[in-house]
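Peer 1:
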């Protein structure tokens, strides 16, 4: 009798706890409810594990003190940036067709489009590393690097050697890498060599298990950027790693796209680095924002959008959706992780229905099995709307790019998934220029040469067990 009562009490307590967390999920802000049903399913299906998972990664928690500090730092840096631009007014004339995108980007990240930028599109890891090290070897004042992944391989050693040479010349070198993405590097001998050479090496977003109640432990700084002397900048999808990417060699080569920028927009990249560096070191470098990069009469109009959990992350998804909506003739998107929210999927399928040639390019083999399955659950609505889906077969396509009507281009560190839209710190570059958009489109066309197009009829006829697994994974896509 006692055992029966105890069992009943435990069951009732477990059910009550489930109900408490289901209510907590339902009370989340409307903007976060796309993932609510998935979390309710997890909590109901896995009473203990589901609640623990929700406590760990269910909410985007940054900690109240960290959040206040970040807002203070961000406010200070952005005020310094506004003062710098006020002294040098910018007259960028945005084409009317892209004004809405520019406005959304400005509201979300407090950055303006700037004219006079020279752009170099770097597609190969070797070209990226060689160009970056050449610029570091020419540095005179400072080198600032921020990367999600830094590997102790040929690429990592080449960049490290250039940084050490720069320090020997009296150049101040700072390297900020994500605490998780670069965890092996942070424990490596190469990191110790850099420190002995005078390079400041810092882990971004360090967290401890004891902070689990206040801070989401899987929040990451996913940005990739470099600033040399405040006049040259880099940003895109390249990490400091060889194409072979030795942590996951069976998916190699990893195929990326990065922009080398000379011109006024470099100042906005500098501000992002300074903001992140200040957050993780308490060293304020906002005096460097006063450096005015040289503009060029033949330069492009470029706008940088920095997003993060404390930085109106919804700006990124709004910019992407607005870019998709403005397409009239052609829309091409490349991303390694295609797990869009409902609004973004609706925008893409609507573009196809409107008669826009809509092309989505993803890897045929993905390093994340669950993401791969979830991505494929979105193929059917794309194909039904008339969009083209292409799977890249010559490695892991890691480039995050969009071109619209050969008039507008987007190069980002962000994937088309909830993690990039809501959790990670990311940086996206918008280029309002038809010549560059055509150049990026040529790179996308080269990707398509190494793709297999998904046949709509064959896809619809695939066996039910495969559809079941993919659609089941798709149910949990809001959590990925």
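In the numbering used here, the protein residues as written are 99 to 578. Think of the CB as a built atom: it goes at the ideal place given N, C-alpha and C, for glycine as much as any other residue. Just so we're clear, the structure is a prediction, and the values are computed from it rather than from any experiment.
1) Smallest Cα separation from residue 558: which of 374, 415, 346, 475?
2) When DSSP builds the beta bridges, which residues end up paired with residue 302?
3) Where DSSP assigns a beta bridge to residue 479, which residues make up the other side?
4) Going by DSSP, what residues sit across from residue 551 in a beta bridge?
5) Strictly by DSSP, which residues pair up with residue 384?
6) Terminal residues of the continuous alpha helix (DSSP H) containing residue 249?
7) Between the region 228-243 and the region 256-264, do at least 3 Cβ pairs fall closer than 8 Å?
8) Could you spell out the range, first to last residue, of the alpha helix (DSSP H) harbouring residue 368?
9) Residue 458: which of 327, 468, 481 sits nearest, CA to CA?
10) List in chain order: all unbroken alpha helix (DSSP H) runs of 4+ residues lying wholly within the region 488-546.
11) For residue 246, collect the residues of the same chain with a Cβ closer than 8 Å to its Cβ; drop the 5 residues on either side in sequence, then sort them by chain order.
12) Which residues bound the alpha helix (DSSP H) around residue 290?
13) Using a Cβ distance threshold of 8 Å, determine whether the region 360-367 contacts the region 496-511, with at least three qualifying pairs required.
14) Quick one, are the C-beta atoms of residue 428 and residue 455 less than 8 Å apart?
15) Alpha carbon to alpha carbon, how far is residue 103 from residue 468?
16) Check each candidate in 549, 208, 372 and name the one with the smallest Cα separation from residue 380.
17) So for residue 398, helix, strand or coil by DSSP?
18) Three or more C-beta pairs closer than 8 Å, one from the region 528-545 and one from the region 207-223: is that the case here?
19) With DSSP collapsed to three states, give me the class of residue 447.
20) Going by beta-carbon coordinates alone, are residue 326 and residue 179 separated by less than 8 Å?
21) Could you check the C-alpha separation between residue 248 and residue 340 for me, to the nearest Å?
22) Report the start-end ranges of each alpha helix (DSSP H) in the region 162-246 that is 4 residues or longer and not cut off at the edges.
23) My output table needs one value for residue 351: the three-state DSSP class, helix, strand or coil.
24) In whole angstroms, what separates the C-alpha of residue 142 from that of residue 478?
25) Please report the residue range of the beta strand (DSSP E) in which residue 324 lies.
26) Would you report the Cα separation of residue 470 and residue 463, rounded to the nearest angstrom?
27) To the nearest angstrom, report how far apart residue 547 and residue 431 are at their CA atoms.
28) I'd like the list of long-range same chain contacts for residue 299, defined as Cβ closer than 7 Å, with 5 residues on each side in sequence excluded.
29) Mapping DSSP to helix, strand and coil, what is residue 144?
Peer 2: On the basis of the data shown:
1) 475
2) 276
3) In DSSP, residue 479 forms no bridge with anything.
4) Note: residue 551 sits in a beta bridge opposite 488.
5) Paired residues: none, contrary to the question.
6) Membership of residue 249 in any alpha helix (DSSP H) is not indicated, and neither H nor E is assigned to it by DSSP.
7) With the cut-off at 8 Å, the region 228-243 and the region 256-264 touch.
8) 364-379
9) 481
10) none
11) In the same chain as residue 246, and ignoring 5 residues on each side of it, the C-beta atoms closer than 8 Å to its own belong to 275, 276, 279, 280, 318, 319, 320, 321, 322, 337, 511, in chain order.
12) Run containing residue 290: 287-294, per the alpha helix (DSSP H) assignment.
13) no
14) Yes.
15) At residue 103 the pLDDT is 48, less than 50, meaning the model places this residue with poor confidence; the figure from the coordinates comes in the next sentence. The alpha-carbon atoms of residue 103 and residue 468 are separated by roughly 41 Å.
16) 372
17) strand
18) yes
19) helix
20) With contacts defined by Cβ atoms closer than 8 Å, residue 326 and residue 179 do not form a contacting pair.
21) 10 Å
22) 162-185, 197-207, 223-235
23) In the three-state DSSP reduction, residue 351 falls in the coil class, being neither helix nor strand.
24) 28 Å
25) Where residue 324 is concerned, the enclosing beta strand (DSSP E) stretches over 323-326.
26) 8 Å
27) 15 Å
28) Short of 7 Å from the beta carbon of residue 299, and not among the five residues preceding or following it, lie these beta carbons of its own chain, in chain order: 273, 289, 292, 293.
29) coil
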